[in-house]
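See below for the structure under consideration.
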Amino acid sequence: MEQQMKRYKAMVEEALERLTFAEGLKDELCSAMRYSLLAGGKRLRGMLALAACEMAGGNVQDALPFAAAIEMIHAYSLIHDDLPAMDNDTMRRGKPTNHVVYGEAMAILAGDGLLTDAFLLMSGGAHPRTLDALREVARAAGSFGMVGGQALDMRQGAPYEGLEAVKAIHRKKTGCLITAPVVAGLMLSKATDQQIACGREYGKHLGVAFQIIDDLLDLVGDEAKMGKHLGKDVAEEKMTWPAMVGQESAWESAKYETNAAVKALEPFGEKAAFLRTLAQDMLSRVN
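Listed below in structure tokens is the structure:
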């Protein structure tokens with residue numbers, strides 16, 4: 198598991214390092230884009246795309262542009278999420294956030310550049326289902342997915358209709374960009390429609406589990422390990438899973454969602470060992 202994770206992560210990191218942005222741009226824009234893109238991180242989304250592709254008998258090179266592109270989209274989302282108009286965070290992965298270093302205007306442009314260039318990267322694929330996979334990522338990143346979830350999460354004073362409403366936000370804001378790499382990776386392999394549906398179910402549950410654990414770590418995590426300021430959810434009285442049901446029940450919910458994700462992989466048998474272990478290990482993550 199550890200060796201496979203290192204292999205996938207190295208492939209994603211190398212692909213991101215090789216990226217070149219348009220000539221003639223101000224050095225500051227390219228610097229701002231690379232600052233957040235290459236700031237480290239788990240590369241979870243990129244690994245999901247590669248692992249899903251290989252699990253279903255695909256060529257990992259077909260999924261690599263998508264793995265890198267989805268990490269670009271994730272980096273853009275973090276840049277914009279940290280802006281004063283959004284979450285107003287000044288620390289990310291142990292470093293000052295993009296707008297603190299480059300200013301708000303350049304941070305916005307850096308995010309815009311990463312998002313748009315990600316689609317340029319994905320569009321160059323030669324696999325016959327490239328367009329289907331690209332459409333999956335586009336839907337997950339936009340108003341139907343991550344952006345829509347962020348908009349719901351930012352509603353000031355909006356009434357929450359219970360746990361299902363919070364779950365719906367989790368699925369959009371976090372889950373969609375965790376599900377998309379799994380589905381895209383499967384589309385770029387030899388997966389059947391039934392297998393793709395199983396992958397979608399895996400990603401859906403994994404995304405909810407990831408966000409519940411993220412909310413819990415905001416309460417009990419270590420700032421040094423997390424690389425960002427904690428406790429903002431409580432300070433802003435945000436309706437998170439722990440806020441709704443308490444920490445103990447939230448952990449149980451995270452376990453339930455993780456088990457559901459693992460169960461969705463049953464049709465893949467032993468070929469799903471990496472993705473199965475990845476989901477189970479998420480319960481013990483510290484950042």
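One rule links them: number in the working numbering = place in the sequence shown (from 1) + 197. Beta carbons are placed, not taken as given, at the ideal position from N, Cα and C, and that holds for glycine. A quick note: this is a predicted structure, and the numbers were derived from the prediction, not measured.
Report task. In the DSSP assignment, find the alpha helix (DSSP H) that holds K364 and state where it starts and stops. Result -> Run containing K364: 360-367, per the alpha helix (DSSP H) assignment.
Report task. Counting only the same chain and skipping the five closest in sequence on each side, list residues whose C-beta sits under 8 Å from that of L311. Result -> Cβ neighbours of L311 beyond the five flanking positions: M230, S233, L234, M269, I270, A272, Y273, I276.
Query raised in the report: So what's R242 in DSSP terms, helix, strand or just coil?
Result: Helix.
Query - One or two residues paired with F289 in a DSSP bridge - result: For the sequence presented, residue 289 should be read as Arg rather than Phe. Looking at the DSSP assignment, R289 forms a beta bridge with K292.
Requested in this report: Sort Q444, E467, L472, R240 by Cα distance to N456 and report the nearest one.
Outcome: Distances from the CA of N456 to each of Q444, E467, L472, R240 were compared; the closest alpha carbon is that of L472.
Query raised in the report: Which two residues bound the contiguous alpha helix (DSSP H) that contains F218?
Result: From DSSP, F218 is part of no alpha helix (DSSP H); its letter is neither H nor E.
Query raised in the report: Would you report the Cα separation of G238 and R290, rounded to the nearest angstrom?
Result: Rounded to whole angstroms, G238 and R290 show a C-alpha spacing of 7 Å.
Requested in this report: Just the C-alpha distance for A476 and P281, rounded to the nearest angstrom, thanks.
Outcome: A476 and P281 have their C-alpha atoms roughly 33 Å apart.
**Report entry** Status (buried if at least 16 other CB within 10 Å, exposed otherwise) for F263
**Finding:** Looking at its Cβ environment, which holds 16 or more other Cβ atoms inside 10 Å, F263 is buried.
Query raised in the report: Helix, strand or coil: which one does DSSP assign to S274?
Result: Here S274 sits in helix by DSSP.
Query raised in the report: Between the C-alpha atoms of M208 and L216, what's the straight-line distance to the nearest angstrom?
Result: Approximately 13 Å, taken between the alpha carbons.
Query raised in the report: To the nearest whole angstrom, what separates the beta carbons of E333 and A377, a pair I think is in contact under 8 Å?
Result: Confirmed, Cβ separation roughly 5 Å.
Report task. Could you check the C-alpha separation between V344 and K387 for me, to the nearest Å? Result -> In this model, V344 and K387 are separated by some 30 Å (Cα to Cα).
Query raised in the report: Excluding sequence positions up to five away, which residues of its chain have a Cβ less than 8 Å from the Cβ of G354?
Result: Summary for G354: the model assigns pLDDT 49, below 50, so the residue's position carries little reliability, and this model does not support an answer.
Report task. Between the Cα of G346 and those of K370, R352, I267, spot the shortest distance and give me the residue it belongs to. Result -> When each option's Cα is compared against that of G346, the closest is K370.
**Report entry** Other residues of its chain near V405: CB distance less than 7 Å, five sequence neighbours each side excluded
**Finding:** Sequence-distant partners of V405 (beyond 5 residues in either direction) whose C-beta falls short of 7 Å from its own C-beta, in its chain, are K364, H367, R368, G372, E454.
**Report entry** E236 vs I267 beta-carbon contact at 9 Å
**Finding:** Here the sequence assigns Ala to residue 236, which means Glu is not the residue at that position. In this structure, A236 sits away from I267, with a CB-CB distance that is not shorter than 9 Å.
Requested in this report: Compute the Euclidean distance between the alpha carbons of G443 and R204, then round it to the nearest angstrom.
Outcome: Roughly 38 Å separates the two Cα atoms.
Report task. If I'm right that Q392 touches P325 with Cβ under 8 Å, what's the distance once you round it to whole angstroms? Result -> Here Q392 is actually not in contact with P325; their C-beta atoms are around 17 Å apart, not less than 8 Å.
Requested in this report: Compute the beta-carbon to beta-carbon distance between C227 and L383, rounded to the nearest angstrom, for a pair I have assumed lies under 8 Å.
Outcome: Contact between C227 and L383 is absent: CB atoms are separated by about 33 Å, not below the 8 Å threshold.
Report task. Only counting runs of 4 or more residues, tell me where the alpha helix (DSSP H) segments fall wholly within the region 312-359, in order along the chain. Result -> Counting only runs that start and end inside the region 312-359, the alpha helix (DSSP H) elements of at least 4 residues fall at 327-338, 343-350.
Requested in this report: With a cut-off of 8 Å on the beta carbons, I'd call L360 and G255 a contact; round off their distance for me.
Outcome: The beta-carbon distance between L360 and G255, rounded to whole angstroms, is 37 Å. This is too long to meet the 8 Å contact definition.
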